[in-house]
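Chain order of the listed sequences is A and B. The letter at position 166 of the first sequence is residue 166 when you use the numbering used here, and the numbering goes up by one with no holes. The letter at position 115 of the second sequence is residue 115 when you use the numbering used here, and the numbering goes up by one with no holes.
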Amino acid sequence: MNFQKKNKDLAGSFFITSTKVLFGFLVFILFLILAKITYEGIGVVSLEFIFDEPRNNMTEGGIWPAIFGTLAVTTIMVVLAVPIGVFGAIYLSEYAKDTFLTRIIRTAVNNLAGVPSIVFGLFGLGFFILFLGQNIDEILGTGLIWGQPCLLWASATLGVLVLPIVIVSTLEALNSVPKSHRDASLGLGATKWQTIKKVIIPQARPGILTGTILAISRGVGETAPILFLGAAFFLPNLPVVDLCIGDYCIPMINPAEQFMYLAYHIFILATQSSNPTLTLPLQYGSTLVLIGITFLLNITAIFMRYKYRKAIGRI
Amino acid sequence: MKNTKILTEELSLYYGEKQALNNISMQIPEKQVTAFIGPSGCGKSTYLRVINRMNDLIGNVRITGKVLVDGIDIYEKDIDVVNLRKHIGMVFQKSNLFPKTIYENIIYAPTINGIKDKSKLNEIVETTLKQAAIWNEVKDRLHESALSLSGGQQQRLCIARALAVQPEIVLMDEPASALDPISTGKIEELIHELKQNYTIVIVTHNMQQAARVSDRTAFFYLGELIEYDSTTKIFTNPSKKQTEDYITGRFG
Chain A
1 MNFQKKNKDL
11 AGSFFITSTK
21 VLFGFLVFIL
31 FLILAKITYE
41 GIGVVSLEFI
51 FDEPRNNMTE
61 GGIWPAIFGT
71 LAVTTIMVVL
81 AVPIGVFGAI
91 YLSEYAKDTF
101 LTRIIRTAVN
111 NLAGVPSIVF
121 GLFGLGFFIL
131 FLGQNIDEIL
141 GTGLIWGQPC
151 LLWASATLGV
161 LVLPIVIVST
171 LEALNSVPKS
181 HRDASLGLGA
191 TKWQTIKKVI
201 IPQARPGILT
211 GTILAISRGV
221 GETAPILFLG
231 AAFFLPNLPV
241 VDLCIGDYCI
251 PMINPAEQFM
261 YLAYHIFILA
271 TQSSNPTLTL
281 PLQYGSTLVL
291 IGITFLLNIT
301 AIFMRYKYRK
311 AIGRI
Chain B
1 MKNTKILTEE
11 LSLYYGEKQA
21 LNNISMQIPE
31 KQVTAFIGPS
41 GCGKSTYLRV
51 INRMNDLIGN
61 VRITGKVLVD
71 GIDIYEKDID
81 VVNLRKHIGM
91 VFQKSNLFPK
101 TIYENIIYAP
111 TINGIKDKSK
121 LNEIVETTLK
131 QAAIWNEVKD
141 RLHESALSLS
151 GGQQQRLCIA
161 RALAVQPEIV
171 LMDEPASALD
181 PISTGKIEEL
191 IHELKQNYTI
201 VIVTHNMQQA
211 ARVSDRTAFF
221 YLGELIEYDS
231 TTKIFTNPSK
241 KQTEDYITGR
251 FG
């Protein structure tokens with residue numbers, strides 16, 4: 001018997017080496033981008049920069065209105081898109097039979113994720129503003145409020161954009177719950193809804209949460225769809241309205257206002273400002289903040305997934 | 001023979017065009033252990049799942065004939081399947097505990113039945129775990145994950161979970177097929193204990209197991225009930241050639 005190596009697996013080692021090199025290159029590029037932005041931006045970012053408004057033709061000051069606008073838009077986006085996405089996915093996965101129609105819906109959901117985001121922007125303009133908004137205004141007879149670009153329609157459009165992400169990740173999470181657990185629950189005399197509520201959703205929760213957070217971080221980074229939907233060039237006052245019950249008032253996001261948006265703000269600073277060279281440090285600072293927000297969201301997603309998986313004993 | 005608990009008359013079952021059960025008539029006695037044996041694909045598990053209507057969950061299943069439990073036709077239109085399954089517990093081939101604590105697994109069915117009282121739930125947990133002869137092993141770790149138990153313990157916990165709704169019938173689909181001999185022995189002892197209070201129907205691939213635990217044995221082959229008699233008769237003096245061939249290991 002001879003156990004010594006004879007022919008080396010040449011093709012295999014070539015494949016592994018070239019893959020390693022390519023991945024190294026990718027990581028290197030990512031590192032370069034992050035390093036450059038951090039290096040140039042770190043000096044600009046301060047509490048003042050974050051909580052101040054842009055001043056002096058946007059060549060000085062901070063980015064708080066843009067951060068607030070981003071948070072406001074994504075909050076409403078989540079409120080609109082996540083329930084629809086999650087319940088839609090539950091319907092598709094647990095209730096819908098495998099018919100021609102549901103197959104079309106599934107395919108449509110998957111394809112929706114591949115539609116260029118500018119198309120969503122045009123859709124939002126056409127459907128939400130020109131159709132829904134103008135009709136609402138006409139019916140209510142209050143003049144032009146909803147028939148123009150505003151925060152609500154921007155959120156709704158981003159909601160449609162991230163819907164496939166929420167649906168697909170929820171579907172995956174639901175599918176990962178073993179059939180044997182459904183059998184166990186139904187065999188114990190639980191109804192279908194009790195099974196979904198008490199067995200399936202608790203196990204799918206990490207996946208649903210991850211999908212939600214990925215959707216938020218996608219929404220935060222989008223620029224194109226909100227171009228027509230109320231993202232303002234410069235708007236120092238926040239889209240806030242006081243909601244009063246008697247004498248007691250709480251400030252709320254005003255969905256009828258226009259707003260500044262962080263990703264859009266960077267685009268404006270870089271291309272539309274009166275002096276793009278002068279705003280360069282601000283661009284780096286804003287970009288660093290934007291990357292910081294998405295990074296934080298992704299870390300939260302990973303952390304939550306880990307925590308929930310541990311809680312249900314999969315790790 | 002004791003009172004009849006489950007009775008089927010000319011039961012046939014089809015998956016689409018394919019016939020899985022052919023004209024089966026049998027009586028399953030109360031508070032005894034009835035074992036179903038036969039080679040894979042012979043219809044014994046399908047028949048088991050007819051009794052608590054788990055086959056309903058698969059689309060495209062058609063049934064003809066009658067299935068009576070306590071004299072009531074369970075395939076009548078006015079039967080509440082969810083309610084039916086509360087009276088007929090089921091234990092599956094592989095442990096399918098929920099990724100929750102031992103305590104939460106046991107109280108799952110009682111809470112969906114609306115029991116909220118904490119002390120009542122505690123009582124249910126203790127009595128069912130004692131019935132399933134696993135109380136001493138888990139009493140100090142009720143609030144740990146059920147998945148931290150060994151395979152055999154998990155399967156006995158599944159049995160305990162099925163008992164928590166106080167069913168009258170317990171269906172077991174090869175409950176010990178994935179277990180080592182010692183765990184299997186414990187399950188068999190448990191089945192022996194349980195038959196004092198429950199009607200037990202068990203599907204098994206293991207003929208020695210059928211001989212050890214059951215009072216009556218049914219031999220299925222290709223969707224037909226070939227022979228059904230007392231276990232002693234089936235294993236010592238079967239009246240059909242096919243049964244004899246199967247139990248002596250000549251085929252299957």
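Idealized CB from N, CA, C, for every residue including glycine. What you are looking at is a predicted structure, and each value in this text was computed from that prediction instead of being measured.
| Item | Value |
| --- | --- |
| Burial state of K5 (chain B), where buried means 16 or more other Cβ atoms lie within 10 Å | buried |
| Residues near L209 (chain A) in its chain [Cβ-Cβ closer than 8 Å; skip 5 each side] | A301, M304, R305, Y308 |
| C-beta neighbour in chain A for F92 (chain B), strict 8 Å | yes |
| Close beta carbons around T243 (chain B), own chain, < 7 Å, minus the five adjacent residues each side | F219, I226, E227, I234 |
| For L235 (chain A) and A256 (chain A), the rounded distance between their alpha carbons | 14 Å |
| Coarse secondary structure for G327 (chain A), derived from DSSP in three states | This structure leaves residue 327 (chain A) out entirely; chain A is present only between 1 and 315. |
| 7 Å Cβ cut-off: residues of chain B touching G187 (chain A) | N52, M54, R85, M90 |
| CB contact below 8 Å: A204 (chain A) versus chain B | no |
| Straight-line gap, L142 (chain B) to R161 (chain B) (C-alpha atoms, nearest Å) | 13 Å |
| Three-pair Cβ contact test at 8 Å for the stretch 121 to 139 of chain B versus the stretch 94 to 111 of chain B | yes |
| Presumed contact (8 Å Cβ cut-off) between F259 (chain A) and G230 (chain A), rounded CB distance | 6 Å |
| A20 (chain B), DSSP secondary structure in three states | strand |
| Neighbour flag for T4 (chain B) against chain A, beta carbons, 8 Å | no |
| Cβ contact check for the stretch 84 to 101 of chain B and the stretch 172 to 179 of chain B: 3 or more pairs under 8 Å | yes |
| C-beta atoms of V81 (chain B) and R53 (chain B) nearer than 8 Å | yes |
| Inter-residue spacing [alpha-carbon to alpha-carbon] between I315 (chain A) and N60 (chain B) | Interpretation of I315 (chain A) is limited by its pLDDT of 44, a score under 50 that renders its predicted location unreliable; the figure taken from the coordinates is listed afterwards. Cα-Cα distance, rounded: 38 Å. |
| Backbone secondary structure at S95 (chain B) - three-state DSSP | coil |
| Classification of Q272 (chain A) by the beta-carbon crowding that lies within 10 angstroms, buried from 16 upward | exposed |
| Sequence ranges, alpha helix (DSSP H) only - wholly within the stretch 97 to 152 of chain A, length at least 4 | 100 to 112, 117 to 123, 134 to 140 |
| Simplified DSSP assignment, three categories, for Y15 (chain B) | strand |
| Closest residue to K2 (chain B) among B:D215, B:Y246, B:E76, B:G89 (Cα-Cα distance) | B:D215 |
| Within chain A, the residues that R161 (chain B) reaches when beta carbons sit closer than 9 Å | A184, L188 |
| I88 (chain B) vs P29 (chain B) beta-carbon contact at 8 Å | no |
| Under the three-state DSSP convention, the category F267 (chain A) falls into | helix |
| Nearest-angstrom Cα separation, counted from M26 (chain B) out to D70 (chain B) | 14 Å |
| Proximal residues to T64 (chain B) (C-beta, below 7 Å), its chain only, five neighbours per side dropped | S12 |
| Beta-carbon proximity of T212 (chain A) to V78 (chain A), cut-off 8 Å | yes |
| Opposing strand residues paired with K192 (chain A) [DSSP bridges] | Its beta-bridge partners do not exist; DSSP assigns none. |
| Cut-off 6 Å between Cβ atoms - residues of its own chain near V162 (chain A), not counting five sequence neighbours on either side | A81, A215, R218, G219 |
| 8 Å Cβ cutoff, V199 (chain A) in contact with chain B | yes |
| For R156 (chain B), the first and last residue of its enclosing alpha helix (DSSP H) | 151 to 163 |
| Supposed contact pair H181 (chain A) and V318 (chain A) - C-beta distance, whole angstroms, cut 8 Å | With chain A running from 1 to 315 in the structure shown, residue 318 (chain A) is simply not present. |
| R62 (chain B) - containing beta strand (DSSP E), residue span | 61 to 69 |
| Closer than 8 Å to chain A by CB, I191 (chain B) | no |
| Rounded C-alpha distance that separates P251 (chain A) from C158 (chain B) | 53 Å |
| Proximal residues to F128 (chain A) (C-beta, below 7 Å), its chain only, five neighbours per side dropped | W153, A156, T157 |
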